[in-house]
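Here is the structure we will look at, set down as structure tokens.
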Amino acid sequence: MLDADFFRRWMTATAASVEREAERLTALDSPIGDADHGSNLRRGFTAVTATLEKEAPDTPGGVLTLAGRQLISTVGGASGPLYGTLLRRTGKALGDAAEVSEEQFAQALRAGVDAVMTLGGAAPGDKTMIDALVPAVDALADGFAAARAAAEAGAEATTPLQARKGRASYLGERSIGHQDPGATSASLLIAGLVEVTEAAGE
Amino acid sequence: MKMLINVPETVVADALRGMAAAHPELTVDIENRVIVRRDAPVAGKVGLVSGGGSGHEPLHGGFVGPGMLSAACPGEVFTSPVPDQMVRAAAAVDSGAGVLFIVKNYTGDVLNFDMAAELAEDEGIQVAKVLVNDDVAVTDSLYTAGRRGTGATLFVEKIAGAAADEGQPLERVEAVARQVNENSRSFGVALSACTTPAKGSPTFDLPAGELELGIGIHGEPGRERRSMMTSREIADFAVGAILDDISPRNPVLVLVNGLGATPLLELYGFNAEVQRVLAERGVPVARTLVGNYVTSLDMSGTSVTLCQIDEELLRLWDAPVKTPGLRWGI
Chain A
32 MLDADFFRRW MTATAASVER EAERLTALDS PIGDADHGSN LRRGFTAVTA
82 TLEKEAPDTP GGVLTLAGRQ LISTVGGASG PLYGTLLRRT GKALGDAAEV
132 SEEQFAQALR AGVDAVMTLG GAAPGDKTMI DALVPAVDAL ADGFAAARAA
182 AEAGAEATTP LQARKGRASY LGERSIGHQD PGATSASLLI AGLVEVTEAA
232 GE
Chain B
264 MKMLINVPET VVADALRGMA AAHPELTVDI ENRVIVRRDA PVAGKVGLVS
314 GGGSGHEPLH GGFVGPGMLS AACPGEVFTS PVPDQMVRAA AAVDSGAGVL
364 FIVKNYTGDV LNFDMAAELA EDEGIQVAKV LVNDDVAVTD SLYTAGRRGT
414 GATLFVEKIA GAAADEGQPL ERVEAVARQV NENSRSFGVA LSACTTPAKG
464 SPTFDLPAGE LELGIGIHGE PGRERRSMMT SREIADFAVG AILDDISPRN
514 PVLVLVNGLG ATPLLELYGF NAEVQRVLAE RGVPVARTLV GNYVTSLDMS
564 GTSVTLCQID EELLRLWDAP VKTPGLRWGI
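As given, the protein sequences belong to chains A and B, one line each in that order. Here the first sequence is numbered in the numbering used here, starting from 32 and rising by one per residue. Here the second sequence is numbered in the numbering used here, starting from 264 and rising by one per residue.
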């Protein structure tokens, strides 16, 4: 079972990997975006970690809802509302339970990903974060490691795609040949689940 | 790249402190990042709120004041502001007559303003929204995020601002703003990429001897790259792209806008070519504005915006305005 502390550590692990990979995310955002994805997410997840330390909600749903709200209030751009909605709606789907099963979490995350698709209007294949998140949710039944592998493969598979949403879509065919920064950061988020599990197993 | 800054993390806050010092007629809330007319809320007047990423100055903060915006929300460089800022701005300017959000069509701006509108309505503020999407360089289709909002934002903010200052009701101010957007088209050209403070190097590589056609205002590359062209050739191409999309029967407002690093000397020379193309194509010009108004940091290049107007819109355009970035008639 997964408790509030697990989700708090998931956010901390994601903050650390976003910090570590910020320059790479910004570099990916340069040829097909506006070169700020790393710095924006770093600002957001730093704020999430700080808030969770201060308020420390005692349910998984509470942790993710608060994290999502904090991203919406600090990131801006498209990634703020999109990542914020992902976590907030996942958190809401988890309800008030003190602990949730991996299966319940998988269902909730699917609700979160669906909300992101509704908000941003993107579908798989549009070269967005959805291309990492949907395969990850599909693989979650086989465990966190499988989800991470699926997310990373999904992110890499955005390279040959032509962007149909977001700022990269303005480039038309010139967006082909670049890995999507949003799909890449989404795979970091999913990888955070494995990092927390591995750290707990040590 | 050398920049006149302290550290990248504080560029927006530093600029707001400087703006507060230079413009005592504005209330600049540095912590919450909202710039408001000092006399807001004005009784009976619709509040006009806009915002967007920083790096486009004087847009939007420099257009706050009598005759134009009531408040502006600056985001991080090239990053949409957050809903909290917009709700705070709406609350500060609402006199009970409602608030109009003027939103440039970028995914981030649209999502954050949508969330803000819901939150403001929860607080009992009547909110209307107008989307600015004037950039003909982007094909408006299911396969893109739609046309970007660029130079027409200035026309929308000025003309809707005049309507609001006359005391026109929210539905009317919204309709005027929508009409100005629908009648406006823009096309941008970059001679160099821009450098964001966070990255410190140009956002894309534009070799010497080449230019980028169909550029946006966020340092994102355009649709097509060509060998360098003359001012005359660029005017033919840019105005031609706009006139492929609209055929003005009425006189137009012309904005020849600098993207940040192109000297006025060149912009005025370019304007002469723009006016030549318009004359050749039989498009009458009512008013022309030349200068750096909707910029993209230190990008060099220009954008052209045309807006078809009628007598009423021209009257509102000519009405007095008193802001840091645009002022006449006062």
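Don't be surprised by glycine CBs; every beta carbon is placed ideally from N, CA and C.
Q: Provide the residue span of the alpha helix (DSSP H) that contains B:Glu420, from first to last.
A: Its alpha helix (DSSP H) spans residues 415–428.
Q.
Against A:Pro212, what residues of chain B qualify as contacts under a CB-to-CB distance less than 8 Å, listed in chain order?
A. Taking a Cβ-Cβ threshold of 8 Å, none of the residues of chain B is close to A:Pro212; the smallest such distance is about 13 Å.
Q. Looking at the structure shown, is A:Lys158 part of a helix, part of a strand, or coil, going by DSSP?
A. Three-state result, A:Lys158: coil.
Q.
Closer than 8 Å between beta carbons: that is the criterion. Which residues of the segment 102–113 of chain A meet it against chain B?
A. For the segment 102–113 of chain A, which is checked against every Cβ of chain B, the residues closer than 8 Å are Ile103, Ser104, Thr105, Val106, Gly107, Gly108, Ala109, Ser110, Gly111, Pro112, Leu113.
Q: Could you name the residues that DSSP lists as bridge partners for B:Asn520?
A: BP columns for B:Asn520 point to B:Gly554, B:Ser566.
Q. Can you tell me where the alpha helix (DSSP H) with A:Ile221 in it begins and where it stops?
A. Boundaries of the alpha helix (DSSP H) harbouring A:Ile221: 212–232, taken from the DSSP string.
Q. Of all the CB atoms in chain B, is at least one closer than 8 Å to the CB of A:Ala47?
A. With 8 Å as the cut-off, A:Ala47 does not count as an interface residue toward chain B.
Q | Outcome for B:Ile505 when other beta-carbon atoms lying within 10 angstroms are tallied against a minimum of 16 | A | Under this definition B:Ile505 is a buried residue.
Q) What residues of chain B sit near A:Arg205, judged by a beta carbon separation below 8 Å? A) The contacting residues are Pro484, Arg486.
Q. Which one of A:Pro191, A:Tyr201, A:Leu56, A:Arg74 has the shortest CA to CA distance from A:Gly208?
A. Of the candidates A:Pro191, A:Tyr201, A:Leu56, A:Arg74, A:Pro191 places its Cα closest to the Cα of A:Gly208.
Q: Kindly indicate which three-state DSSP category B:Ala379 falls into: helix, strand or coil?
A: In the structure shown, B:Ala379 sits in a helix (DSSP, three-state: H, G or I).
Q: For the alpha helix (DSSP H) containing A:Val79, list its first residue and its last residue.
A: First-last of the alpha helix (DSSP H) with A:Val79: 68–86.
Q | Residue from B:Ala353, B:Ala461, B:Pro465 whose Cα sits closest to the Cα of B:Ala453 | A | B:Pro465 is the residue among B:Ala353, B:Ala461, B:Pro465 whose C-alpha sits nearest the C-alpha of B:Ala453.
(Q) Checking the sheet assignment: what are the DSSP bridge partners for B:Arg448? (A) In the DSSP assignment, B:Arg448 forms a beta bridge with B:Leu569.
Q. Quick one: is A:Ser216 near chain B, going by C-beta distance under 8 Å?
A. No, A:Ser216 does not count as interfacial toward chain B.
Q: Could you tell me the distance, in whole angstroms, from the CA atom of B:Glu420 to the CA atom of A:Asp34?
A: Approximately 50 Å, taken between the alpha carbons.
Q | Straight-line Cα distance separating A:Arg74 from A:Asp157 | A | Near 26 Å, if we compare the C-alpha coordinates of A:Arg74 and A:Asp157.
Q) Since B:Glu473 sits in a beta bridge, which residues does DSSP pair it with? A) For B:Glu473, which the question treats as bridged, DSSP gives the partners B:Ser490.
Q: For B:Lys392, write down the residues that DSSP places opposite it in a beta bridge.
A: According to DSSP, which records beta bridges pairwise, B:Lys392 is partnered with B:Phe364.
Q: Examine the Cβ distances between the segment 460–474 of chain B and the segment 443–451 of chain B and report whether three or more of them are shorter than 8 Å.
A: The segment 460–474 of chain B makes no contact with the segment 443–451 of chain B; the number of CB pairs closer than 8 Å stays below 3.
Q: Would you please verify whether the beta carbon of A:Thr189 is less than 8 Å from any beta carbon of chain B?
A: No, A:Thr189 does not count as interfacial toward chain B.
Q.
How far does the alpha helix (DSSP H) with A:Leu125 in it extend, from its first residue to its last?
A. In the DSSP annotation of this structure, the continuous segment of the alpha helix (DSSP H) that includes A:Leu125 starts and ends at 110–125.
Q | Local conformation of B:Pro337 per DSSP, three classes | A | DSSP, reduced to helix, strand and coil, places B:Pro337 within a strand of the structure shown.
Q. Going by the CB atoms, is the gap between A:Thr45 and A:Leu219 shorter than 8 Å?
A. Cβ distance < 8 Å, so A:Leu219 and A:Thr45 count as in contact.
Q: Quick one: list the residues of chain A neighbouring B:Glu500, beta-carbon separation under 9 Å, in chain order.
A: With the sequence shown as reference, residue 500 of chain B is identified as Phe, and Glu is not the correct amino acid for it. When 9 Å is used as the limit between beta carbons, B:Phe500 is near no residue of chain A, the shortest such separation being about 18 Å.
Q: Under 8 Å between beta-carbons, which chain A residues line up against B:Arg411? List them in chain order, please.
A: By Cβ distance, chain A contributes Tyr201.
Q) Along chain A, in chain order, which residues have C-beta atoms closer than 9 Å to that of B:Leu374? A) Those within 9 Å of B:Leu374 in chain A are Gly108, Ala109, Gly111, Pro112, Leu113, Thr116, Leu150, Gly151.
Q | Check whether A:Val94 and A:Leu117 have beta carbons under 8 Å apart | A | In this structure, A:Val94 sits away from A:Leu117, with a CB-CB distance that is not shorter than 8 Å.
Q: Spatial neighbours of B:Val399 within its chain, please: CB distance less than 8 Å, with the 5 preceding and 5 following residues excluded, ordered by chain position.
A: The answer, listed in chain order, is Arg410, Arg448, Ser449, Phe450, Ala504, Ile505, Asp507, Asp508.
Q: Could you tell me which chain A residues have their CB closer than 7 Å to the CB of B:Val401, listed as they occur along the chain?
A: Chain A residues near B:Val401: Tyr201.
Q: Output, in sequence order along the chain, the residues in the segment 339–357 of chain B whose CB is closer than 8 Å to any CB in chain A.
A: Cβ contacts with chain A come from Glu339, Val340, Phe341, Thr342, Ser343, Pro344, Val345, Pro346, Asp347.
Q. Does the pairing of the segment 311–331 of chain B with the segment 291–301 of chain B give three or more beta-carbon distances under 8 Å?
A. Output reads yes: the segment 291–301 of chain B touches the segment 311–331 of chain B.
**Q.** For B:Ile293 and B:Thr273, the rounded distance between their alpha carbons
**A.** A direct Cα-Cα distance of roughly 11 Å separates B:Thr273 from B:Ile293.
Q: Compare the beta carbon distance of B:Val362 and B:Val356 with 8 Å and say whether it is the shorter of the two.
A: Less than 8 Å separates the beta-carbon of B:Val362 from that of B:Val356.
Q | Bounding residues of the alpha helix (DSSP H) (the contiguous stretch that carries A:Leu150) | A | Unbroken alpha helix (DSSP H) run through A:Leu150: 133–151.
**Q.** For B:Ala354 and A:Gly166, the rounded distance between their alpha carbons
**A.** Per the sequence shown, residue 166 of chain A should be read as Pro rather than Gly. Approximately 42 Å, taken between the alpha carbons.
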